[in-house]
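Numbering (my numbering), first residue to last: 74 to 139.
The following block contains the structure:
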């Protein structure tokens, strides 16, 4: 897109190439962070915590003794 050109264009070709690299790194970081945050949000939203303390059943011993 042409809107990006104003952001990355430099006074010479070396500066422009450096700006393009920085822009790519920044956008990749924001995209990766956004995806990671959304995945974590969805996992937490749909997570199941079994009853009992710290994810373990409150019963102890053999399951056959109940």
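No residue lacks a Cβ here, since even glycine has one placed at the ideal position from N, Cα and C. Being a predicted model, the structure only gives us computed values, none of them experimental.
Secondary structure of residue 103 (DSSP, three-state): helix. Secondary structure note for residue 76: its alpha helix (DSSP H) is the uninterrupted segment 75–81.
Under the three-state reduction of DSSP, residue 89 is assigned to helix.
Note on geometry: alpha-carbon atoms of residue 137 and residue 118 lie some 34 Å from one another. Cβ-Cβ distances below 8 Å link residue 112 to nothing in the same chain once the five nearest sequence neighbours on each side are left out.
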